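Enquirer: Numbering (my numbering), first residue to last: 241 to 637.
Ideal placement from N, C-alpha and C gives every residue a C-beta, glycine not left out.
Everything numeric in this text was worked out from a predicted model, so none of it was measured.
Handing you a structure now.
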Amino acid sequence: MKNIAASIAISAIAATGVDAQGERRRIAPPAVYDVAPGLGRFTDEVLFGEVWERKELAPRDRSLVTVSIIVSTGKTAQIAAHVGRALDNGVKPAEIGELITQLAFYSGWPNAISAVEETKKVFDARQIGPVGNSGAARVELEAAAEAARSETVNTTIAPTAAALADLTNRVLFGDLWQRPDLSARDRSLVTMSALIAIGQPEQLPFHANRAMDNGLTAGEASEVLSHIAFYAGWPRAMSAVPVLKQVFANRKEKPMTTSPSDIKITPAGSSATPGPEQYFTGKVEISGLYQTDAPARAGGATVSFSAGARTAWHTHPLGQTLFIVSGRGWVQKEGEAVQQVDPGDVVWIPPNVRHWHGASSTEAMAHFAVAEALNGSSVTWMEKVSDEEYEKGSLAD
Numbered sequence: 241m242k243n244i245a246a247s248i249a250i251s252a253i254a255a256t257g258v259d260a261q262g263e264r265r266r267i268a269p270p271a272v273y274d275v276a277p278g279l280g281r282f283t284d285e286v287l288f289g290e291v292w293e294r295k296e297l298a299p300r301d302r303s304l305v306t307v308s309i310i311v312s313t314g315k316t317a318q319i320a321a322h323v324g325r326a327l328d329n330g331v332k333p334a335e336i337g338e339l340i341t342q343l344a345f346y347s348g349w350p351n352a353i354s355a356v357e358e359t360k361k362v363f364d365a366r367q368i369g370p371v372g373n374s375g376a377a378r379v380e381l382e383a384a385a386e387a388a389r390s391e392t393v394n395t396t397i398a399p400t401a402a403a404l405a406d407l408t409n410r411v412l413f414g415d416l417w418q419r420p421d422l423s424a425r426d427r428s429l430v431t432m433s434a435l436i437a438i439g440q441p442e443q444l445p446f447h448a449n450r451a452m453d454n455g456l457t458a459g460e461a462s463e464v465l466s467h468i469a470f471y472a473g474w475p476r477a478m479s480a481v482p483v484l485k486q487v488f489a490n491r492k493e494k495p496m497t498t499s500p501s502d503i504k505i506t507p508a509g510s511s512a513t514p515g516p517e518q519y520f521t522g523k524v525e526i527s528g529l530y531q532t533d534a535p536a537r538a539g540g541a542t543v544s545f546s547a548g549a550r551t552a553w554h555t556h557p558l559g560q561t562l563f564i565v566s567g568r569g570w571v572q573k574e575g576e577a578v579q580q581v582d583p584g585d586v587v588w589i590p591p592n593v594r595h596w597h598g599a600s601s602t603e604a605m606a607h608f609a610v611a612e613a614l615n616g617s618s619v620t621w622m623e624k625v626s627d628e629e630y631e632k633g634s635l636a637d
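Shown next, in the form of structure tokens:
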């Protein structure tokens with residue numbers, strides 16, 4: 241208890257910074273001045289004398305960032321002082337608990353459980369009672385963004401780790417991110433800070449964009465990097481700089497979004513990209529990709545197959561319609577013969593029917609595909625169509 245009281249006292253001193261005579265107080269633990277006097281000076285004059293006093297990020301936000309870093313990096317000895325400081329800076333006990341819950345998913349359960357033990361000591365010292373779940377309405381995530389995120393998980397994660405994809409969609413974003421116990425902005429700030437602190441800059445673009453969509457300004461995001469440098473180290477902060485720079489640049493170039501009542505036109509050939517190798521065989525190009533806004537759930541694209549190219553086996557939860565634009569193609573339902581399709585044909589594939597489609601062995605084919613999403617997913621990819629399976633179709637060509 242003495243250690244906890246000392247830690248809280250350090251927090252209180254740090255919040256004050258100067259004494260009645262205007263002289264700066266010593267903030268670092270006494271041993272610092274005996275062992276590393278330079279560290280003591282930088283702690284007093286730079287970290288708490290300058291960084292914590294910068295107006296570019298509110299004290300409450302700095303506490304959220306700091307506690308997130310300490311929890312995610314497992315620095316349990318520092319938790320008490322900064323949890324106390326966070327409470328002094330206006331972070332509610334329930335919000336601290338939810339911050340720890342959020343970071344259990346992003347830095348692991350052991351770090352979170354360790355943080356709970358230390359935080360409980362601070363709560364007990366301050367006579368803070370048990371924290372309950374918020375009774376507020378759940379946070380509604382932006383439908384179009386969630387559909388795109390879920391589709392990415394289903395197409396890139398599910399084929400390799402189906403359980404991870406399910407938990408990501410159902411628990412992480414379907415439950416945790418919708419809890420009202422921490423605002424969407426603060427939840428994003430916490431996650432973004434932890435990702436930088438644990439050296440995961442490749443995860444930063446999605447979460448930095450999400451943070452700014454949730455209300456974090458570019459100036460605040462930039463200031464987060466400066467704050468993190470002191471608590472996670474300069475290399476972590478520096479590694480995040482080019483990533484955040486690209487996020488800022490992309491957001492400036494991003495065209496103004498249309499309102500739900502606006503007519504949207506996807507230009508012919510726009511966003512042309514090769515078909516992902518794990519889902520297609522041969523040369524395939526996808527263009528004109530579009531997704532409607534909720535409550536509508538249809539999406540589609542033009543897909544062009546060179547001769548011999550085809551999809552992998554797959555299903556659609558709500559079915560799929562193919563409009564054959566040019567060339568000659570094949571489509572096959574599992575267990576049935578290959579069927580030939582020609583320009584002008586319209587193909588309806590019922591829900592959950594395992595099938596593949598593509599060009600014939602001698603002629604290219606292009607089709608416009610339309611499918612609806614169910615719970616954010618419009619397709620489930622399976623294994624590739626083997627050459628032997630495909631070659632059976634040549635008998636019908």
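1) Taking all protein chains shown into account, do 16 or more other C-beta atoms lie within 10 angstroms of the C-beta of Q560, making it buried, or fewer, making it exposed?
2) Identify whether P514 lies in helix, strand or coil by the three-state DSSP scheme.
3) Is it buried or exposed, E463, if we count other Cβ atoms within 10 angstroms and call 16 or more buried?
4) Return the CA-CA distance between A424 and A547, expressed in angstroms with no decimal places.
5) Can you tell me where the beta strand (DSSP E) holding H595 begins and where it ends?
6) Using CA coordinates, which residue listed in F488, L435, A320 is at the minimum distance from V356?
7) DSSP three-state label for G439, please.
8) What are the boundary residues of the beta strand (DSSP E) that includes E525?
9) Among the candidates E574, F608, D421, D585, whose CA atom is the shortest distance from the CA of W639?
10) So V411 is in the beta strand (DSSP E); what residue range does that whole segment cover?
11) For I526, which residues in the same chain have their Cβ closer than 6 Å to its Cβ, ignoring the five residues on either side in sequence?
12) Only counting the same chain, and skipping five residues up and downstream in sequence, which positions put a Cβ closer than 8 Å to that of A352?
13) Go ahead and label L614 buried or exposed: buried means 16 or more other beta carbons lie within 10 angstroms of its beta carbon, across all protein chains shown.
14) Would you mind working out which of E391, V272, N373, A387 sits nearest T620, comparing C-alpha positions?
15) By the 10 Å Cβ neighbour count, where 16 or more other Cβ atoms means buried, how is N409 classified, buried or exposed?
16) The beta strand (DSSP E) with E612 in it runs from where to where?
17) What does the alpha-carbon distance come out to for the pair R389 and G528?
18) So, for A508: in the same chain, excluding its five sequence neighbours on each side, which residues have a beta-carbon less than 7 Å away from its beta-carbon?
19) Tell me which same chain residues have a C-beta within less than 7 Å of the C-beta of I468, skipping the five on either side of it?
Expert: Quick look at the numbers:
1) Taking the sequence shown and counting its residues from 1, one reaches residue 560 at position 320. Buried, since its Cβ has 16 or more Cβ neighbours within 10 Å.
2) Within the sequence shown, residue 514 is the residue found at index 274, counting from 1. Strand at P514.
3) To locate residue 463, count along the sequence shown from 1; it is residue 223. Result: buried.
4) Taking the sequence shown and counting its residues from 1, one reaches residue 424 at position 184. Taking the sequence shown and counting its residues from 1, one reaches residue 547 at position 307. For A424 and A547, the gap between their C-alpha atoms comes out near 48 Å.
5) Here residue 595 is taken as the residue at index 355 of the sequence shown, counted from 1. For H595, the uninterrupted beta strand (DSSP E) run begins and ends at 595-599, by DSSP.
6) Here residue 356 is taken as the residue at index 116 of the sequence shown, counted from 1. Comparing C-alpha distances from V356 to each of F488, L435, A320 shows the shortest one belongs to A320.
7) Taking the sequence shown and counting its residues from 1, the one referred to as residue 439 is at position 199. Looking at G439 - three-state DSSP - the assignment turns out to be coil, as it is neither helix nor strand.
8) For the purposes of this step, residue 525 is taken as the residue at position 285 of the sequence shown. Start and end: 524-531.
9) Outside the displayed range of the chain (241 to 637) lies residue 639, so it cannot be described from this structure.
10) By one-based count along the sequence shown, residue 411 stands at place 171. Here V411 belongs to no beta strand (DSSP E), and DSSP marks it neither H nor E.
11) Counting from 1 along the sequence shown, the entry for residue 526 is found at position 286. If the five residues before and after I526 are omitted, its C-beta is found closer than 6 Å to the C-beta atoms of T513, G515, A541, V543, all from its own chain and listed in chain order.
12) By one-based count along the sequence shown, residue 352 stands at place 112. Taken in chain order, the residues that qualify are V311, I340, T341, L343, A344.
13) As a position in the sequence shown, residue 614 is number 374, starting the count at 1. With fewer than 16 other Cβ atoms within 10 Å, it is exposed.
14) Residue mapping note: residue 620 aligns to position 380 of the sequence shown, counting from 1. Nearest to T620 by alpha-carbon distance, out of E391, V272, N373, A387, is E391.
15) As a first step, residue 409 is located in the sequence shown; it is residue number 169 there, counting from the start. Counting C-beta atoms within 10 angstroms of its own C-beta, N409 has 16 or more neighbours from the protein chains shown and is therefore classed as buried.
16) Residue numbering aside, residue 612 sits at position 372 when the sequence shown is read from its first letter. For E612, the enclosing beta strand (DSSP E) begins and ends at 605-612.
17) In the sequence shown, counting from the first residue as 1, residue 389 sits at position 149. In the sequence shown, counting from the first residue as 1, residue 528 sits at position 288. Looking at the two C-alpha atoms, the distance is approximately 19 Å.
18) In the sequence shown, counting from the first residue as 1, residue 508 sits at position 268. Only residues of its own chain outside the window of five on either side were considered, and among them G528 have a CB closer than 7 Å to the CB of A508, listed in chain order.
19) Reading the sequence shown from its first residue, position 228 is the one you call residue 468. Excluding sequence neighbours, I468 sits near V305, I309, S433, I436, A437, R476, A477.
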